[in-house]
Each structure stands twice: as structure tokens, then as C-alpha cells.
Amino acid sequence: MEHRPSSEARGKELALLCLGALGVVYGDIGTSPLYAMKEVFAGNHPIALERANVLGSLSLFFWALIIIVAVKYVIFIMRADNRGEGGIMALIALALRDTRPGSRSQAVVLGVGILGAAMFYGDGMVTPAISVLSAVEGLQIAAPALHHVVLPVSLTVLLILFYLQHHGTTLVGHAFGPVMLVWFVVLALLGLNQILDAPEVLAALSPAYAISFLVHHHAMALVAMGNVVLAITGAEALYADMGHFGRKPIRRSWFLLVLPALVLNYFGQGALLLRDPSAMQNPFYFMAPEWALYPMLGLATLATVIASQSVISGAFSITRQAIQLGFLPRMEVRHTSEREQGQIYIPVLNWALMAAVMLLVLGFRSSNNLAAAYGLAVTGDMVITSLLATVVAARVWGWGWARAVALFACFLAVELTFLTANVLKIPDGGWFPLCVGLVVFVVMLTWKQGRELLIERLEGGRMSLVGFIESLRGGMPLRVPGTAVFLNAHPDRVPHALLHNLMHNKILHERVVVASVHFEDVPYVPPEERLEIRELPENFWQVIVRYGFMDEPDLPAALVGAAPRGLECEPLATSWFLGRETVIPRPSPEMRQWRKRIFVALHRNAGSVTAFFKIPPNRVVELGTQVLL
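In terms of this note's numbering, the sequence shown opens at residue 38 and continues consecutively.
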């Protein structure tokens, strides 16, 4: 969903944006009550169900929601907007804004940031699996004899969800907000009903219970902290989706509905456990009256589908951003809406995610087991966000290092505790998102470095474009009608395709355009800043086309827009000449051989330049060259 709201949205518009935020932003964190409390007392590493432990755990839940979600993300991190956009890629771009190219600080910021982006994919695989499984497990409460259908039903729901991705979210998207509104109201009512029967549970609002629990239960407390983080998974979505809705709707939705509903539900589950310890097997569903179990099962399944959809859409979005910033190879990106450019579908990523999610469900078989795999990637991403935000606050906001470090060190102290606690989960399943994140991290850095090496090899020793034009004046080849556009990484150098065309065909078009595409570290480039045009002798032109990492590249449309500045590129009279490099790896000190092989494989399977830049295929001429890397 692509919505670029005004910061002054008011009245009805603000209400609609708040409703939309409920459906898109809060699906993941909003479905955490299905499994978070259950995991504390009935998970793989349960703690004793005693009054002090219940109150201590509730206090940890509450203050984690306040400190990490409300204060860190909602109040501070959402200030780090990159021209209205949020998310890890926007934060990386902000943190790099004042760093010197090629410096050690740039390398550190880039490496840390890309690791954070890579960890998102590990989290994105676990979220649909644990969310849908935890909802469908309600069948075991409603009808214990149906326990054997939990896995098939979960797999079916997930299969349908991924299959429908190519249709886009337009049809179901309008229903997301109302469904989640009902969900949060139900969460609040279920919790309130239980709290009225055991109001003493409200004592856990005091941080004293959390502190006492941590002080008196050393090893147990660390295990509990690993489970508490389940209550704040999805917090990163508040920042990632800021560009869709704006700060105000997200903040209002959080403080007016989401936070109160979550707190009431968690405390309601705690109140139920104080009165009925046998409910610890699934305190969420045991809060509901018997007649409401099947409606709750249906509502919970819808809510988890929405949560899963939000994560999948986020994966599509961050992948496109990574492609345009040069961290992933080109992939086929399909648009599923004619009006909303943010609604995209990436086939290869969709099926890869589906395969991973299905394997997770079949391998772990229950939400309790999956909870052991959940949290490491989330907490790692939170720590990295705090580190990058420290750089942004110090350099971009002008706080200075002392003030920035003092604030974010408080968040880091909590998050590093969560991260340490989740390290204990590695043998039980935490290895999966960790391995996924590390693989994606290596792929991203390898592609980035490999592309830089490839461009260096291609540009090495190549003559300047101006010098080349001067050399033609002594013997100008035949000029034929029309316009030839040559894509080149460096606009000042002669493209290989131009040299090959001249060598083999012995001709030049009457108008020659050397075009270079630059992706800037901002979400959007205004149309008036899109083109940089320089006219050269002999009807040669240099053109730099600039896009942001959220823009939709369309080179033919961009060049048509150059007409008012003297460059006429009639679509039917324009030929596009593209170079196709065959990369041959060889031993060299710049990159290890195994990484070069990865790069070569990625390069061979990268998506089409023609499709990526929307160049008409029937107007394209490809000329190949071999490059020793």
C-alpha cells in the first residue's frame, strides 16, 4: 500500500489512516498474545507458575512494551524519517549521510546496517509460521480430538496466503483495518473480563515486580527475558511503515488502542493463571467463554493472516529497496495495482519464503517449538536499529555523541539483555533465523562488492567520452537516422556497447545518448531533479537519471521528459544498446574465490535490465563482452 500522507492529516482522513495503520502496522505485534504468555509458563523452558513469577513476568511484558515500543520506536526512532520514509534501509541512508565515501566509518555503518536488513528475512520466515500455527492450535482447545488437523489446516492457510500474493492486497487490504480493529477490541474485552475477577494482577504495573523477579531468579530470569521479547516482535513495523501512514496515525493508534488492548489482554491472561493454573497450556483461548471458541478461532486466524501478509509485503518492499541501492541483483518486480506503486510482487522471493515457512511448520510442528526459533533475529535487528539511530541522532539531528549515546545506551542495555537471552535459544531453533540472516548478509555484501569490482574492471583504461568524440572528427563514421541510447555506469566514459557497435557495424546514430542511472540514498527524487543533461559536440549527449530507493525506474519515460531541454527521444525512433557481461572469476586479492563464484552465479541469474528499467524489448540491442574478475 503506497500512501504518502500529509503531516497535517486531520479529522476523517486521520481516522482512516489510523484504521489503515491497525491493519498494516500492528498485525505482528497484535497477534503476540496468542503465544507470548503461553511460552513463559508452558514452553520448552517453562518457569514455575507461582504468583511472584506471574506478576514478575507481566511487569516485564508491560515495561518492555513501554520502553522499547512506546519510548524507543514511537517517540524517538520515528523521528528518523528519510523524507517521510522509515525502515532499516532509510535509516542506513540517514546514517551514511555525513560519512566520507570510502572511509572506515562508512564501511562500519554499511556493514552493521546490511546485517540488520539481512536479519529481517529470518524474522520474516518465522512470523507467518508461528502466527498461523498459534491461531489454528485453538482447535485443540475447542475440540481436543482435532489436534491431528492443526498442521494440515495451518499449511493450507499458508499455501493460500502465498498463492494469492500475485493478485496483490488491494481486495483484502480494505478489510485489514476493520478486522484488526475488532481484534484489538476483543483483546481488550477478554482481558478486562479476567482482570475484574482478579484485580490484584494490576500490581504488576509497578516496575518493582520486574526488578524483583530479575534480582531473585538469575538463570530463570534470563530464560524469561527470552520469552518476553515475543511480546514486542513486530515493533520494527511501526518505523518501517511510517511512509505509508505518517507519524501521527501510527502514534495515535498505538497509544489510544493497541497498547491498552495488549496490556489488558496480557494482564487478563495473568489474572486467569492466578485463578486457574491449568489454563497455562493456552491462556489466550481459555480466557474466551466456551461458546466463543470457534468465533475466536476464526478471528485469530484472520488476524494472523494479516500479520503474515504485513511481513510478506515488508519483505517485498525491503528487497526492492536493496536492489535499487545495489545490495541485491535485479529480480522480476510485478506491480499488483495500477494506482498504488507500493503494492508489488516478487515471484522468486514469494516462493522462497513459502518454501521456508512450510519447512518451518513441518519441522517444528507447534508454536511452542517455533517460539524457540523466534526472537534472535528480532532482537538483533533492534540492537542494530539502536546503533544506527545513535549515529543519526549524533550527526543528523545535531545532538552530539554524548547526548545520543546517553539515550540509546538505555535502550541498548535492555535489548542486549534480550539478545543474550535469545542466544540460549540457538540450539532449540534459534539457529534457523540466524543462519538465514548470515546467508543473506553474505549475499548482499558479495553482490555489492562484486558489482563495484565489475564496474572497476569495465571502466579501467577506457577513454573518456569527450576524448572519443574528438578522435571521431578525423574520420566520422556513417551517421544513420534515429537515437541510440547506451547505458553505462559512468557517464564520462565510453560504453563498451558503443565501441562494439562502431567496430562491427561501422555506423553511429545521428543522436547518441550515454545514459547513467544513479540511485540516491533518499526514498524519492522529485521529477524536477530526475535528469541531469549535458550536450556534447557531434550531437552526443550525457544524461544522468536519478531515482530514490522507493521510486519506480522507467527510463523511456524519463528520456521523453528531456524534450523541453533539447533532447528529443522519440520512442519509436530510439534504439537501446545494452552491454551483457560474461564474468570469469580468477584469483585476485580483492575478493575470495568462493565469494566470486557466488557473485558470478548471482550475475548470471539476475533479472533482465530491459524489464527492470521498462525498456521496450523490441527496441533493444545487446552486445556482449567478457570480463575477468
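Ideal placement from N, C-alpha and C gives every residue a C-beta, glycine not left out.
By Cβ distance, which residues of its chain are closer than 8 Å to residue i, with the 5 residues on each side in sequence left out?
| i | result |
| --- | --- |
| Ser69 | Leu267, Ala268, Ile269, Thr270, Gly271 and Leu299 |
| Leu330 | Gly175, Ile178, Ala179 and Tyr322 |
| Gly363 | Trp484, Lys485, Arg488 and Phe556 |
| Glu547 | Arg516, Val517, Pro518, Gly519, Thr520 and Asn576 |
| Trp578 | Arg548, Val549, Val550, Val551, Ile570, Arg571, Glu572 and Leu604 |
| Leu239 | Ile232 and Phe304 |
| Glu452 | Ile105, Thr416, Met419, Val420 and Ser423 |
| Val646 | Arg367, Leu524, Leu615 and Ile652 |
| Asn230 | Gly305 and Met324 |
Mind checking residue i: buried by the 16 CB within 10 Å criterion, or exposed?
| i | result |
| --- | --- |
| Ser508 | exposed |
| Tyr200 | exposed |
| Thr427 | buried |
| Phe292 | exposed |
| His185 | exposed |
| Val187 | buried |
| Pro189 | exposed |
| Met38 | Interpretation of Met38 is limited by its pLDDT of 37, a score under 50 that renders its predicted location unreliable; no figure is taken from the coordinates. |
| Thr338 | buried |
| Ala439 | exposed |
| Trp220 | buried |
| Asn90 | buried |
| Thr662 | exposed |
| Pro306 | Correcting the residue identity first, residue 306 is Gln in this sequence and not Pro. Burial call: buried. |
| Ala241 | buried |
Going by DSSP, which residues form a beta bridge with residue i?
| i | result |
| --- | --- |
| Asn119 | Glu122 |
| Ile581 | Ser553 and Glu569 |
| Tyr382 | Arg371 |
| His546 | Val517 |
| Leu660 | Gly616 |
| Ser345 | None; Ser345 has no bridge partner. |
| Thr611 | Thr520 |
| Ser5 | The question about residue 5 has no answer here: the residues shown for the chain are numbered 38 through 666. |
| Ile621 | Leu665 |
CB-CB under 7 Å to residue i, same chain, minus the five flanking residues each way: which ones, in chain order?
| i | result |
| --- | --- |
| Pro42 | Low confidence applies to Pro42: its pLDDT is 46, below 50, so where it sits in the model is not reliable, and the reading given next is rough at best. Only Leu54, Phe282 and Gly283 meet the Cβ criterion. |
| Tyr561 | Arg120, Gly585, Met587 and Asp588 |
| Asn387 | Phe199 and Gln202 |
| Ile151 | Phe364, Phe478, Met481 and Leu482 |
| Arg530 | Glu496, Arg499, Ser501 and Leu502 |
| Ala441 | Thr427, Ala430 and Ala431 |
| Val620 | Leu491, Val637, His640, Val664 and Leu666 |
| Ala308 | Gln231, Ile232, Asp234, Ala235 and Val238 |
| Asp65 | Thr164, Thr270, Gly271, Ala274, Ala344, Ser347 and Val348 |
| Trp100 | Pro244 and Ala247 |
Going along the chain, which residues of its own chain have a beta-carbon closer than 6 Å to the beta-carbon of residue i, five neighbours each way excluded?
| i | result |
| --- | --- |
| Glu45 | Low local confidence applies: a pLDDT of 42 at Glu45 is under 50, so the model's placement there is unreliable, with the coordinate-based value given in what follows. So no residue of the chain qualifies. |
| Val415 | Asp160 and Thr270 |
| Ala130 | Asn119 and Asp558 |
| Ala643 | Pro366 and Arg367 |
| His40 | Legend: pLDDT at His40 = 43, less than 50; position of this residue unreliable, value from coordinates given subsequently. Taken in chain order, the residues that qualify are His281. |
Do residue j and residue i come within 8 Å of each other at the CB atom, strictly closer than that value?
| i | j | result |
| --- | --- | --- |
| Phe304 | Ile232 | yes |
| Tyr158 | Ala352 | yes |
| Ala600 | Val582 | no |
| Ser350 | Tyr63 | no |
| His527 | Ser553 | yes |
| Leu615 | Glu659 | yes |
| Lys651 | Leu592 | yes |
| Val260 | Ala458 | yes |
| Asn264 | Glu76 | yes |
| Gly466 | Asn525 | no |
| Val348 | Ser191 | no |
| Met279 | Gly123 | yes |
| Leu336 | Leu218 | no |
| Ala389 | Phe401 | no |
| Val222 | Gly60 | no |
| Ala274 | Met126 | no |
| Leu51 | Pro286 | yes |
| Leu471 | Ile463 | yes |
| Val342 | Arg134 | no |
Assuming residue i contacts residue j (C-beta within less than 8 Å), just tell me the rounded distance between them.
| i | j | result |
| --- | --- | --- |
| Met317 | Ala79 | 5 Å |
| Val370 | Ile381 | 5 Å |
| Ala408 | Tyr72 | 6 Å |
| Pro320 | Leu310 | 6 Å |
| Leu195 | Val169 | 6 Å |
Indicate whether at least one CB of chain B lies closer than 8 Å to the CB of residue i.
| i | result |
| --- | --- |
| Trp220 | In the structure shown, chain B cannot be found, because there is only a single protein chain. |
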